[in-house]
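In the numbering used here, the protein residues as written are 5 to 207.
Ideal Cβ placement from N, Cα and C applies to all residues, glycine included.
Here is the structure we will look at.
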């Protein structure tokens, strides 16, 4: 059943607005917000645990489980709840995946992000890691919230496939050691000595 809502003050819409704006509220409810028709298509394709889907009249309703609440709102009301400047007519809330840190990491290819605070950059790197076949993303030192709407949008659906874990630096070291995984880091500056001596004369 689809429920039609025309008031911007509707409690369900107020909750979605708060989810989009506040990290603490997202963690409290265990939900995040995604926006855009393409992102909704990815969520449906990968069987993401959707909670509520909000659509404008011009957007068709996708095939959804009966447990999902479907709301239809006018375009101006969508603009009032969407974090996008130009909403595409689809917005949804979804359960945050289980984020408990495993005792041992499965697989062998993980990307560690250290203190990266721009949500769009975190999402873009998440998407790239997924495309390159990584097994997961590890966030340390107060990175941007992986469930910020800007992060989720930038993943272009990778957030429904590739797991992400948030942890402290000390936990990261212990986890990698238990998992038998080496840690490689890029360096901004590499110093080198230039010499004209043949290799046999270099000590």
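{"Item": "Element boundaries [alpha helix (DSSP H), containing residue 28]", "Value": "27 to 33"}
{"Item": "Assigned exposure category for residue 69 - 16 Cβ within 10 Å defines buried", "Value": "exposed"}
{"Item": "Residue 85 and residue 21 closer than 8 Å at C-beta", "Value": "yes"}
{"Item": "Unbroken beta strand (DSSP E) run spanning residue 170, endpoints", "Value": "168 to 171"}
{"Item": "Rounded Cβ spacing between residue 114 and residue 139 (contact assumed at less than 8 Å)", "Value": "6 Å"}
{"Item": "Alpha carbon of residue 199 to alpha carbon of residue 190, nearest angstrom", "Value": "Since pLDDT at residue 199 reaches only 41, below the 50 mark, its modelled position is unreliable, and no value is offered."}
{"Item": "Within 8 Å, strictly: CB atoms of residue 130 and residue 166", "Value": "yes"}
{"Item": "Alpha helix (DSSP H) runs wholly inside the region 8 to 88, at least 4 long, in chain order", "Value": "15 to 25, 27 to 33, 41 to 49, 79 to 85"}
{"Item": "Reference residue 110; option with closest CA among 141, 57, 174", "Value": "141"}
{"Item": "Outcome for residue 187 when other beta-carbon atoms lying within 10 angstroms are tallied against a minimum of 16", "Value": "exposed"}
{"Item": "Proximity of residue 120 and residue 39 at Cβ, strictly below 8 Å", "Value": "no"}
{"Item": "Ranges of the beta strand (DSSP E) found wholly within the region 93 to 130, counting only runs of at least 3", "Value": "94 to 99, 114 to 118"}
{"Item": "Within 8 Å, strictly: CB atoms of residue 77 and residue 60", "Value": "yes"}
{"Item": "For residue 140: DSSP bridge partner residues", "Value": "114"}
{"Item": "Bounding residues of the alpha helix (DSSP H) (the contiguous stretch that carries residue 153)", "Value": "153 to 159"}
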